[in-house]
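Peer 1:
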Amino acid sequence: MKVLVIVGVAAVALGTAACGGKSSGGNSDGGKKTVKVGLAYDIGGRGDKSFNDAAAAGLERVKKDLNLDVKELEANKDETDNDKLSRLKLLCTSGYNPVIAVGFAYAGDKDTGPIASAAKACPNTKFAIIDDASVKAPNLANLTFAEEQGSFLVGAAAALKSKTGKVGFIGGCQVDLIKKFEAGYVAGAKAVKADIQVEPNYLSTVADKCSGFNDPAKGQTAAEGMFDQGADVVYQAAGGSGTGVFKAAKAKGKLAIGVDSDQYETSAPELKDVILTSMLKRVDNAVFQFVKDEGEGKFTAGETVFDLKADGVGYSTSGGKLDDIKSKLDEYKQQIIDGKITVPSKPANG
Amino acid sequence: MTADAVLTPTPGASAPAPTRGRRFSLPVLLLAIAGALVALAAVRTLTGANDLTSNGAVRAALQSAIPIGLAGLGGLWAERAGVVNIGLEGQLIFGTWFGAWAGYHWGPWVGVLAAIAGGALGGLLHALATVTFGVDHIVSGVAITILAGGVARYLSQLAFKGLPGGGVTQSPPVPELPRWSVPGVSSLDGLERKHWFLLSDLAGILRGALTEVSALTVIAALLVPLTFWVLWRTPFGLRLRSCGENPKAAESLGVNVYRYKYYGVVISGALAGLGGAFLSMVASTIYREGQTGGRGYIGLAAMIFGNWRPGGLASGALLFGYTDALQLRGGSKSVHALLLFLALLLLAVGVWQLVRRRLAVGAIAVVVALLVGVWYATTDSIPGEFVQAAPHITTLVVLALASQRLRMPAADGQRYRRGG
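Sequence lines, in order, name chains A and B. Just remember that my numbering sits 15 ahead of the position in the first sequence, which is counted from 1. Just remember that my numbering sits 156 ahead of the position in the second sequence, which is counted from 1.
(1) My assumption, with CB atoms under 8 Å, is that residue 284 of chain A sits in contact with residue 255 of chain A. Please give the rounded CB distance.
(2) Out of A/334, A/300 and A/234, state which residue places its alpha-carbon closest to the alpha-carbon of residue 281 of chain A.
(3) Output, in chain order, the set of chain A residues within a Cβ distance shorter than 7 Å of residue 407 of chain B.
(4) What residue range is occupied by the uninterrupted beta strand (DSSP E) comprising residue 215 of chain A?
(5) Is the Cβ of residue 214 of chain A closer than 7 Å to any Cβ of chain B?
(6) Could you tell me the distance, in whole angstroms, from the CA atom of residue 192 of chain B to the CA atom of residue 545 of chain B?
(7) Which residues in the same chain have their Cβ closer than 8 Å to the Cβ of residue 330 of chain A, if we skip the five residues on either side of it in sequence?
(8) Grab the span of the beta strand (DSSP E) containing residue 110 of chain A for me, first residue to last.
(9) Quick one: which chain A residues come within Cβ less than 7 Å of residue 611 of chain B?
(10) Can you name, in chain order, every residue of its own chain whose Cβ lies under 8 Å from the Cβ of residue 196 of chain A, other than the five neighbours on each side?
(11) Can you say whether residue 561 of chain B is buried or exposed, counting buried as having 16 or more other CB atoms within 10 angstroms of its CB?
(12) Along the alpha helix (DSSP H) that carries residue 67 of chain A, what are the first and last residues, could you check?
(13) Please compile the residues from chain E whose C-beta is within a distance smaller than 7 Å of the C-beta of residue 435 of chain B.
(14) Skipping 5 residues on each side, what residues in its chain have a beta carbon closer than 7 Å to that of residue 133 of chain A?
(15) Report the neighbours of residue 484 of chain B on chain A: residues whose CB is nearer than 8 Å to its CB, in chain order.
(16) Under a CB-based cut-off of 7 Å, is residue 354 of chain A close to chain B?
(17) Quick one: does residue 226 of chain A have its CB under 7 Å from some CB of chain B?
(18) Quick one, which of A/73, A/119 and A/300 has its alpha-carbon nearest residue 221 of chain A's?
(19) Assuming residue 485 of chain B contacts residue 240 of chain A (C-beta within less than 8 Å), just tell me the rounded distance between them.
(20) Just how far apart, CA to CA, sit residue 33 of chain A and residue 88 of chain A?
(21) From which residue to which residue does the alpha helix (DSSP H) around residue 211 of chain B run?
(22) Reducing DSSP to helix, strand and coil, say where residue 464 of chain B ends up.
(23) How about residue 187 of chain A: is its C-beta nearer than 7 Å to some C-beta of chain B?
(24) With a CB to CB cut of under 6 Å and the five nearest residues on each side skipped, what residues in its chain are close to residue 380 of chain B?
(25) Looking at chain B, is there any beta carbon in it that lies within less than 7 Å of the beta carbon of residue 367 of chain A?
(26) Is the beta carbon of residue 93 of chain A less than 7 Å from the beta carbon of residue 122 of chain A?
(27) If residue 251 of chain B sits next to residue 432 of chain B, beta carbons under 8 Å apart, how far is it from one beta carbon to the other, in whole angstroms?
(28) Grab the span of the alpha helix (DSSP H) containing residue 243 of chain A for me, first residue to last.
(29) Nearest by alpha-carbon distance to residue 476 of chain B: which of B/205, B/217 and B/197 is it?
(30) Would you give the residue range spanned by the alpha helix (DSSP H) that residue 352 of chain A belongs to?
(31) What does residue 342 of chain B reach in chain A if we use C-beta pairs closer than 9 Å?
(32) How many Å lie between residue 224 of chain B and residue 269 of chain B at the Cα?
(33) If you measure between the beta carbons of residue 114 of chain A and residue 130 of chain A, is that distance less than 7 Å?
(34) Could you check what DSSP says for residue 287 of chain B in three-state terms: helix, strand or coil?
(35) Any idea what DSSP makes of residue 444 of chain B, helix, strand or coil?
(36) What residues in the region 289-312 of chain B have a beta carbon less than 9 Å from any beta carbon of chain A?
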């Protein structure tokens, strides 16, 4: 009977590996064939309309502008650290260099996690991990973002647009990374209106495997609760649960703020008019910049923070809902870049 | 068929429903519900946690409870036929995927049918493995859950990639099922806003339960009494339950045990598939990988909580859905207020037991009530982790305290071989 399970697991693993891996054929004989870029996605993969798609966009630019060969591999839900490690190893042992791991899920333990082990196993390959700064290796670049700075700006936008003096924040999972979004958002809202009420809520914890990133029903329930209690703008950093937040805003005639990529562009047409703005996390810029620098021999190990200054974070203006307050937001932006405002990266209550 | 199996039937097999009508007569049940309602209203008035009985909270509670309840009903059908179906989670996944896929192409009602078919297919697979081939029920169930995740990913790759808004992990937006409101109920709005004791609570509950109700919610609610009627009031149901109690005796009386187990498990999968359709077409309007989030297992917990009975299972699902909804709606205040409600409830149980001279149980309940009361008084909120674990903790507590009274089908989970 055990055999059945093992065979089942193997079949599933093989099946998804076979269809997940797709090699983009490269542009025939462009002279730079020697450099092959490997990219391993986080759970969600291409088509998540958010984080992974932003990485994919960066990779597309790499392919087009730098004329390099690229390979993308997708992750599975519920996979183990070993699956992640073998995906990274597969890329580096088949000659892909640099290799980019998208998402903190690849970090794991800082000494024995997937990215640390892969970096050790392929010492001549240059690795990059996005959204993690805990793992250090001489051939590993940590690409992180100043999400709190981007969140500060959308927080300010929320406060400027709120009529009730109450705004909400919904995080997909209670982890430090998402708390950064909350901290910046709260600071931004308070910078505009010191007495504004900001209601934070998280859909899941690490204990239930951060399922809150994939549960639109929960996102909707949480957002409805906030709107019912008087909030009129809700910012979501909840991945795939975000559509639920937009739906709730639509049903209640309120506003919501998107995250990672410009969600006005990617949402269903009937939900577009509730999206005030989106906090942009330019994973595409980071991926492109990293590959470009690496190609020019400018690899730097350790953490590189993509902040407002480096155009690593920002806010979107599509939909035109911010037209009247854009100048104010740009003022805040300049103040952050000049260092006049320091945005906290941890919420006040931990 | 060996002789001793017939001579020594498992306890309870001769009286399939020994507890019916004895423990809770209808007036007692109604009285208990009314009492709980008054207590809840009192807690709300005392703590000012107005979300406890707001229409939004009630609607959200129903919304959370229905997938859990449908999965639980699925578990009930399978286990009453003697097959443990831990693959409910996988059948939910099939339901979410097929519902979204067919719903996107041919409209929501076709989606519902496809979800039922998809779930039933998962059930059929489980029946094939456990009934025909005699595979261990747990092993097969776990395999189906793992398989469902992989199959859904593979099918998404084929069916959703390239569609507007679709991808390997999610479907394009799916059209919604119709929602109905009972006319006149929404005018209770004013009354609810006044926050009067009991009256406003009733208004909130009625508004939440009777306005903007999805068609699938109505169907799901009707399935609970229907399940009871079919399983406990028809010859079909008696035969099916006999397969879960004592399949050898059933066979000796001419019941085709294999066939009835198939019926039970396939219906089980179909119900879970319907729960999946609810998730991807009512609770949200999109299929998303991983959106079932363990609801199949919580459904099983609800079934055990409900002592393998439809009514108990429905209350379990409502209870879990309610705490989940309160927590999600940002109600650290309301969940905290629930502690006071729990303390009151325990106190009432304790006093009642003391009056009935069951001193030990009564004393324990009173002490626990006091402890919970102290917990309430000394804290401002409950950790979110605790609330998320609440269904599992509740089930454990129920299992621990009421294990004497819980009675699963006697031959549940056992491998059955014809003529063996």
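Note that the Cβ used here is the ideal one computed from N, Cα and C, for glycine as well.
Peer 2: In short, the structure shows the following:
(1) So it is not a contact: roughly 19 Å between Cβ atoms.
(2) A/334
(3) Here the premise fails: no neighbours, minimum Cβ distance about 24 Å.
(4) 212-217
(5) yes
(6) 23 Å
(7) Cβ neighbours of residue 330 of chain A beyond the five flanking positions: 165, 168, 169, 172, 292, 293, 294, 295, 337 and 344.
(8) No beta strand (DSSP E) contains residue 110 of chain A, which DSSP labels as neither H nor E.
(9) Residue 611 of chain B lies beyond the range of chain B shown here (157 to 576); nothing can be said about it.
(10) 162, 163, 166, 184, 186, 250, 252, 274 and 294
(11) exposed
(12) 66-80
(13) This model lacks chain E altogether, as its protein chains are A and B.
(14) 100, 103, 104, 107 and 142
(15) In chain order: 216, 218, 233, 236, 237 and 240.
(16) no
(17) Between residue 226 of chain A and chain B, the shortest Cβ-Cβ separation is below 7 Å.
(18) A/119
(19) 3 Å
(20) For residue 33 of chain A, the predicted structure reports a pLDDT of 39, less than 50, and the residue's modelled location is therefore unreliable. The matter cannot be settled from this model.
(21) Where residue 211 of chain B is concerned, the enclosing alpha helix (DSSP H) starts and stops at 211-236.
(22) coil
(23) no
(24) 466 and 470
(25) With chain A covering 16 to 365 only, the question about residue 367 of chain A has no answer from this structure.
(26) no
(27) Indeed they touch by this definition, with Cβ atoms about 2 Å apart.
(28) 231-243
(29) B/217
(30) 341-352
(31) The contacting residues do not exist; residue 342 of chain B stays about 14 Å from chain A at best.
(32) 19 Å
(33) In this structure, residue 114 of chain A keeps its C-beta atom at 7 Å or more from the C-beta atom of residue 130 of chain A.
(34) helix
(35) strand
(36) 291, 292, 295, 296, 298, 299, 300, 302, 303, 305, 306, 307, 309, 310 and 312
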